[in-house]
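Notes follow once the structure below has been shown.
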Amino acid sequence: MHLIIAEKNIAAHRIAQILSGEKNLRMGKEGGVPTYIFEDTVVVGLKGHVVDVDFLPEYADWRSKEYTPRSLIDAPIVKKVTEKKIVDLIRKLGKKADLVTIATDYDTEGELIGKEACEIIRSGNKRVPMLRARFSAITPQEILHAFQQPSVLDLALAAAGEARQEIDLVWGASLTRFISLAARRGGTNILSVGRVQSPTLAMIVDREKEIESFIPEPYWNLRCVTEKDRIVFEVEHAHGRFTQEEEAIAARNRTYAPLVVTEIKESEKLDRPPAPFDTTAFIVAAGRIGFGAGKAMQIAEDLYMNGYISYPRTDNTLYPKTLDISAILRTLRKTEFGSDVRWVEEHRRSSPTHGKKESTDHPPIHPTGQASRQELGEDRWRVYELVVRRFLATLSPDARWKMMKVCLRASEEPYIANGSRLLEPGWRKVYLFSEAQEDPIPSLLEGSTLPLKDVILDAKETQPPPRYSQSRLIQRMEELGLGTKSTRHEVVGKLLSRRYIQGNPVRPTLVGRAVIDALEDYADTITKPEMTQTLDSHMQQIKEKKRTRKDVAEESRYMLQEIFQELEEHREDIGEEIREKIAEEHALGTCPVCGGTLRIRQMKGSGQFIGCSGYPRCTFNINLPGMQWGKAVRTETICPDHSLHHVRLIRKGVRPWEIGCALCTHIASHTESLRLIPMMNESILSRLHARHVYTVTDLTGMGGERLATLLGLTPIEAERLIVEAQEALVLLRKRSDLRKFVRNHLPPRRGRKQTEIMTRMYAAGINDVRSLAHTEPAALKVTGISEKEAEVLLAEGKKLCNDRIFRDIGIPAASRKKYMEANIQAPEELCNLPPVYVSHRTGLSLDTVMRHMEKTCTFIGRKVPSKFSNAVVERGRTGLLSLPGLGDGMLERLYYAGIIGCEDLVKADPRKLAESTGIPESKIREFILSAASHCTG
DNA sequence: GCAAGGTC
5 MHLIIAEKNI
15 AAHRIAQILS
25 GEKNLRMGKE
35 GGVPTYIFED
45 TVVVGLKGHV
55 VDVDFLPEYA
65 DWRSKEYTPR
75 SLIDAPIVKK
85 VTEKKIVDLI
95 RKLGKKADLV
105 TIATDYDTEG
115 ELIGKEACEI
125 IRSGNKRVPM
135 LRARFSAITP
145 QEILHAFQQP
155 SVLDLALAAA
165 GEARQEIDLV
175 WGASLTRFIS
185 LAARRGGTNI
195 LSVGRVQSPT
205 LAMIVDREKE
215 IESFIPEPYW
225 NLRCVTEKDR
235 IVFEVEHAHG
245 RFTQEEEAIA
255 ARNRTYAPLV
265 VTEIKESEKL
275 DRPPAPFDTT
285 AFIVAAGRIG
295 FGAGKAMQIA
305 EDLYMNGYIS
315 YPRTDNTLYP
325 KTLDISAILR
335 TLRKTEFGSD
345 VRWVEEHRRS
355 SPTHGKKEST
365 DHPPIHPTGQ
375 ASRQELGEDR
385 WRVYELVVRR
395 FLATLSPDAR
405 WKMMKVCLRA
415 SEEPYIANGS
425 RLLEPGWRKV
435 YLFSEAQEDP
445 IPSLLEGSTL
455 PLKDVILDAK
465 ETQPPPRYSQ
475 SRLIQRMEEL
485 GLGTKSTRHE
495 VVGKLLSRRY
505 IQGNPVRPTL
515 VGRAVIDALE
525 DYADTITKPE
535 MTQTLDSHMQ
545 QIKEKKRTRK
555 DVAEESRYML
565 QEIFQELEEH
575 REDIGEEIRE
585 KIAEEHALGT
595 CPVCGGTLRI
605 RQMKGSGQFI
615 GCSGYPRCTF
625 NINLPGMQWG
635 KAVRTETICP
645 DHSLHHVRLI
655 RKGVRPWEIG
665 CALCTHIASH
675 TESLRLIPMM
685 NESILSRLHA
695 RHVYTVTDLT
705 GMGGERLATL
715 LGLTPIEAER
725 LIVEAQEALV
735 LLRKRSDLRK
745 FVRNHLPPRR
755 GRKQTEIMTR
765 MYAAGINDVR
775 SLAHTEPAAL
785 KVTGISEKEA
795 EVLLAEGKKL
805 CNDRIFRDIG
815 IPAASRKKYM
825 EANIQAPEEL
835 CNLPPVYVSH
845 RTGLSLDTVM
855 RHMEKTCTFI
865 GRKVPSKFSN
875 AVVERGRTGL
885 LSLPGLGDGM
895 LERLYYAGII
905 GCEDLVKADP
915 RKLAESTGIP
925 ESKIREFILS
935 AASHCTG
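Counted the way the numbering used here counts, the first sequence spans residues 5 to 941.
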């Protein structure tokens with residue numbers, strides 16, 4: 005049997021199709037892994053690496069005294085299986101094979117992945133011949149050729165990959181642990197360090213520092229407004245930017261009407277369509293239409309897996325000759341882009357565009373299947389459309405522009421105007437994502453004069469360099485050789501998830517800055533892109549057998565040892581420095597009450613709030629929504645009124661919740677409540693605010709005397725204010741309770757706001773669950789709730805009220821639950837029922853039920869029912885159950901009617917009893933008869 | 001709990 009190993013399932017499938025000629029190809033699954041079988045051949049796809057490197061298990065404890073971060077440098081490295089199903093399958097198939105061909109991608113990682121597969125197979129079959137097929141595209145030509153002339157694994161090439169693995173693991177793990185431990189950050193807050201992520205982060209931090217230290221330079225622009233054929237347009241002074249204001253003013257003062265056209269230069273410009281998409285260009289283009297790098301790749305991956313577009317991880321910008329472009333166009337004719345496709349077919353350029361990069365791994369990203377807006381949904385459709393239109397653009401003719409340069413004079417001052425007009429849109433007709441900036445000016449004649457409608461002198465300032473957008477960052481990474489087409493966007497995602505950076509364009513957090521500052525001081529090698537470049541050249545030397553993997557790794561370890569020498573000497577300083585900067589991350593600004601520092605504080609549970617550094621001396625605090633709404637972080641925006649950083653709640657997978665200035669929000673939300681106090685007026689309110697008393701609670705906690713002096717009230721007024729505040733607080737608590745209740749029982753619906761419903765309820769005089777429960781369903785209409793929902797709400801409200809009454813009566817929660825389950829909801833109901841029935845129905849002991857009934861009856865002013873002894877009840881029960889045909893179900897019904905023994909039964913009126921129990925009268929009569937004979941006899 | 005690189 006011939007076993008062929010491909011790098012991924014999709015490649016295995018296509019290789020099998022080509023080699024089998026699509027005849028008798030059987031697709032199956034073994035051990036959960038897809039297989040492709042024809043004749044005597046089995047093709048299996050890996051999932052990239054199926055094993056990974058790691059340290060021995062004893063190194064797992066970060067805080068181990070023996071296995072310190074530094075000890076990882078020389079720790080033994082072992083391989084561990086990460087894809088067990090695949091590993092098991094290829095080992096099993098390898099045992100039966102008499103030939104194995106490794107057909108992974110033709111690059112360094114592919115060779116290493118091939119070697120891993122080889123070693124797995126060898127562990128079960130030492131003798132089987134192992135060949136290597138090398139191809140640079142999965143096309144019939146390439147594949148057939150590769151299998152006709154197979155070679156063997158290139159161990160030097162694989163060793164270059166292993167060197168990378170080893171170095172990345174050792175540097176990354178040891179430095180990550182060191183920095184995290186020094187800063188005392190564990191769990192989800194570790195501080196990671198790596199050959200690619202750290203230089204990328206350093207780039208972002210550098211840019212931020214550049215922006216901060218940027219000193220704007222003033223400059224002046226001089227322009228004139230004029231008009232021709234009713235078209236108003238502007239001409240600029242030929243000098244361009246003036247750096248001296250006097251010069252600009254002088255030039256303006258020399259500018260007199262009329263404007264005379266002195267020269268007109270017209271030319272034509274060809275505008276080539278963009279090159280086909282490689283991964284980076286795709287991410288950039290997707291970024292322009294609003295997708296973050298990670299999101300764009302996730303969607304592309306999805307479209308690829310479903311056959312709409314080609315493999316999204318590629319460095320190639322040249323369509324291979326084997327790509328059947330006309331066939332793709334024919335496929336696309338059937339889509340929404342049909343008319344564009346036909347236009348392209350009629351106007352195709354002689355050869356498609358291409359970029360600088362040509363690699364042979366995969367073709368540029370292009371559409372492979374037809375799709376409709378409906379089947380894809382909004383986001384996927386937009387990405388698909390982008391890929392389709394880009395593909396069409398690369399086949400379309402150039403756009404043609406008419407360029408105009410007009411020179412003018414106003415008195416002696418030279419002015420110019422640049423205009424452009426799109427003559428033929430060419431590719432721009434099909435590619436709508438790159439806006440054609442037309443700048444039309446009316447047609448002019450040399451020597452003609454124009455009116456001078458206005459002369460404008462603008463004072464401006466030079467701007468700092470912009471922050472990196474995610475896609476620009478990925479472009480920079482590519483330029484610097486950081487990461488690969490498959491990993492660059494993941495690195496950005498990693499920096500975001502570690503909270504080193506935030507937003508798009510990206511900004512470093514203080515944590516991110518602190519880590520880079522520390523690394524630059526003590527381990528700057530890891531913060532420089534050069535580390536990757538050096539590693540690449542060392543890998544090249546290994547590939548060429550000029551150096552060994554061992555040699556390269558040893559040199560790298562030696563360098564890392566030296567770095568650790570420095571790091572360990574300054575361990576305390578580094579830790580303290582990072583911790584200090586991180587603490588700053590939570591600081592919002594000055595406390596309005598005491599001048600201390602307001603900080604975001606997170607408690608152990610899900611609580612978070614803003615507190616003062618002066619606590620307990622200063623108790624000023626602001627409540628924040630719980631952590632389930634997102635973790636509170638500060639943003640760089642500062643409130644102009646309170647000089648406090650704005651606050652934002654961040655939660656995974658959800659758009660952040662911008663709280664804004666927490667103090668503004670705090671004041672606004674509590675002002676409403678303060679107005680509930682009858683004697684509150686604008687004057688008192690503003691005096692309270694001026695004294696930083698913002699909430700009703702704050703007010704109730706104050707002494708009358710203090711309040712009087714603080715607000716300039718008489719002691720009597722102050723006392724009254726406090727009493728009224730206390731009453732308002734009671735109302736607020738009721739409302740808060742009602743709000744929670746409504747939230748729990750009213751399902752959220754689109755376009756309905758809970759706060760509005762609540763406002764309307766309060767306005768209707770419904771301030772607590774009790775008054776809600778006693779409202780008519782129709783009366784709730786004004787709140788915007790449907791009648792059905794109102795009924796549910798009222799029923800639940802009644803339930804809750806009754807439960808609370810039971811609670812107030814002193815019935816424990818466990819028993820209350822049992823009454824509820826037995827559908828005994830109100831205190832009156834309980835009192836009306838025979839105790840024996842209740843006991844039987846709920847499973848509570850008779851004594852317990854009697855005790856509860858006693859309390860309940862007393863509470864609602866009823867007569868307490870007389871007691872039964874357990875013995876009497878028990879005797880009655882055995883008596884009743886001894887009657888022929890009377891089972892447990894009947895017993896309960898009789899209990900319900902107050903019949904607890906044969907004596908009661910004999911005395912009962914059969915017809916009435918039948919009515920109240922639902923048992924047929926004839927049956928009752930039978931029971932009575934037999935009861936009479938039993939009990940008397 | 002750590003990196004970067006494959007792939008899903």
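Where a beta carbon is used, it is the ideal one built from N, C-alpha and C, also for glycine. Please read these numbers as outputs of a predicted model, since none were measured by experiment.
Taking 8 Å as the cut-off, the Cβ atoms of residue 437 and residue 390 count as close. Within the model, the alpha-carbon separation for residue 799 versus residue 759 is close to 22 Å. The closest CA to that of residue 223, considering only 214, 248, 408 and 135, is found on 248. Residues 703, 704, 706, 708 and 711 of the same chain have their beta carbon placed closer than 8 Å to that of residue 726, with the five preceding and five following residues left out of the count.
Under DSSP, residue 408 shares a beta bridge with 270 and 423. Residue 860 counts as buried, since no fewer than 16 other beta carbons sit within 10 angstroms of its beta carbon.
With a cutoff of 8 Å on beta-carbon distance, residue 768 and residue 805 are scored as not near each other. Here residue 293 is exposed. Its C-beta has fewer than 16 other C-beta atoms within 10 Å. Exclusion of the five residues before and after residue 270 leaves 408 as the residues of its chain whose Cβ lies within less than 6 Å of its Cβ. Sorting 80, 218 and 789 by C-alpha distance to the C-alpha of residue 751 places 789 at the top.
Per the Cβ contact rule, the segment 580-594 is in contact with the segment 505-519 (3 or more Cβ pairs under 8 Å).
Residue environment for residue 763: exposed (fewer than 16 other C-beta atoms within 10 angstroms of its C-beta).
Assignment of residue 798 by DSSP, reduced to helix, strand and coil, places it in the helix class. DSSP places residue 119 in the helix class (H, G or I) of the three-state scheme. Taking the C-beta atoms as reference points, residue 91 is found nearer than 8 Å to residue 124.
With fewer than three CB-CB distances shorter than 8 Å, the segment 535-552 does not count as touching the segment 147-155. Going by DSSP, residue 224 is part of the beta strand (DSSP E) stretching over 222-232.
Contact between the segment 50-59 and the segment 5-13 is present: 3 or more CB-CB pairs across the two stretches fall below 8 Å. Residue 613: member of the beta strand (DSSP E) spanning 612-616, first to last residue. Between residue 637 and the set 660, 361, 743 and 383, the nearest pair of CA atoms involves 660. Residue 427 sits away from residue 442, with the two beta carbons spaced by 8 Å or more. With a threshold of 16 other beta carbon atoms within 10 Å, residue 61 falls short and is exposed. Exclusion of the five residues before and after residue 86 leaves 53, 54, 55 and 56 as the residues of its chain whose Cβ lies within less than 8 Å of its Cβ. Counting only the Cα atoms, residue 297 lies some 56 Å from residue 728. Within its own chain, the residues whose Cβ lies closer than 6 Å to the Cβ of residue 387, once the five positions on either side in sequence are excluded, are 303, listed in chain order. For residue 233, the number of other beta carbons within 10 angstroms of its own is below 16, and it is reported as exposed. A direct Cα-to-Cα measurement between residue 227 and residue 467 gives close to 20 Å. Three or more Cβ pairs drawn from the segment 893-904 and the segment 837-852 lie within less than 8 Å of each other, which places the two stretches in contact.
If you check the CB distance, residue 74 and residue 178 come in under 8 Å. Of the candidates 501, 16 and 879, 16 places its Cα closest to the Cα of residue 143. Nearest in C-alpha terms to residue 274, of all of 196, 402, 337 and 136, is 402. C-alpha of residue 202 to C-alpha of residue 525: approximately 13 Å in a straight line. In the DSSP annotation of this structure, residue 481 is not part of any beta strand (DSSP E); the continuous alpha helix (DSSP H) holding it starts and ends at 474-484.
The Cβ atoms of residue 474 and residue 508 lie closer than 8 Å to each other. Residue environment for residue 862: exposed (fewer than 16 other C-beta atoms within 10 angstroms of its C-beta). In this structure, the alpha-carbon of residue 335 lies about 18 Å from that of residue 351.
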